[in-house]
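Read through the structure below, which is laid out as structure tokens, and then see the notes.
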């Protein structure tokens, strides 16, 4: 049975950031969260036109968007992420829920960002990592036992065939034969960072969650060009056996909003706790991934 959200969540004391809200499950997550009356719902967007369309979409469901804000941020630009975080700290100064949902999947294409990093690695992992560590102190100061913090990370079932090769984080060795391997590696990184955060924050009233939302036809592969057997297969499966974007959004939010769930650092598949790739349990790899990620950010003068 699909998981379902209660109708009586009250987020009126919560300041929330949700990335990847202009498309797919992120758009539906924004609608769901908006319906629970958050104090402020801040939605970073790279594309202003899409951001404005999102506001209109949300307004059509409630008649106003007084507590919703579209802020500019491009996950393919580390400076843009840092600028967003600094503006948030200075102008908002409180945070109770951070949902790192945005993602990209490029198959065998190796695309570089303006920071000269592989696109999937930066968007799916490094930029969200940067956003999180820059905002951690703000969240720690905002939360309490009565009003705990939540960090939610959208991963994927693809984590199961991911690996962590510290000599190939940026696909320096070239594209993998498996067109989804690079993407899978970043989705494994999401779970590893989620678990590491749970260990670091266990005494700070902040819980962490990583999720596979389910098989959904979304815009995640919009940068793929030409014919691809893997893209065709995945899209066909999504159309035949997939779930709606609304259910996918529910699957991601369910464990974090559930008042009964006191767990932290767990991985969920369609809202139900599952075991991820066994590499996710290796604390030495987690510490090294954290350290290497920080070093890359230091090299780019982001931290």
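Residue numbers (this note's numbering): 330 to 632. Every residue gets a Cβ at the ideal spot worked out from N, C-alpha and C, and that includes glycine.
Query: Of the listed residues 351, 536, 419 and 350, nearest to residue 480 (C-alpha basis); Result: 536
Query: For residue 441 and residue 420, the rounded distance between their alpha carbons; Result: 32 Å
Query: Spatial neighbours of residue 387 in its chain, beta-carbon cut-off 8 Å, leaving aside the 5 residues before and after; Result: 359, 360, 363, 394 and 397
Query: Rounded separation between residue 489 and residue 622 - CA only; Result: 21 Å
Query: Buried or exposed (CB count within 10 angstroms, at least 16 for buried), residue 583; Result: buried
Query: Coil, strand or helix - residue 467 by DSSP; Result: helix
Query: Residues near residue 330 by beta carbon distance below 7 Å, same chain, minus five either side; Result: none
Query: Residue 356 vs residue 574 beta-carbon contact at 8 Å; Result: yes
Query: Cβ neighbour criterion (16 or more within 10 Å) applied to residue 403; Result: buried
Query: Beta-carbon proximity check, residue 439 vs residue 374, cutoff 8 Å; Result: no
Query: Inter-residue spacing [alpha-carbon to alpha-carbon] between residue 499 and residue 511; Result: 9 Å
Query: Other residues of its chain near residue 551: CB distance less than 7 Å, five sequence neighbours each side excluded; Result: Confidence at residue 551 is low in this model, with a pLDDT of 42, below 50, so its placement is unreliable and no value can be given for it.
Query: Within-8 Å CB hit, residue 489 to chain C; Result: Here there is only one protein chain, and chain C is not present.
Query: Inter-residue Cα distance where the pair is residue 457 and residue 336; Result: 30 Å
Query: Test item: CB-CB of residue 353 and residue 545 under 8 Å; Result: yes
Query: Residue 467 vs residue 418 beta-carbon contact at 8 Å; Result: yes
Query: Exposure of residue 485, with buried meaning 16 or more beta-carbon neighbours within 10 Å; Result: buried
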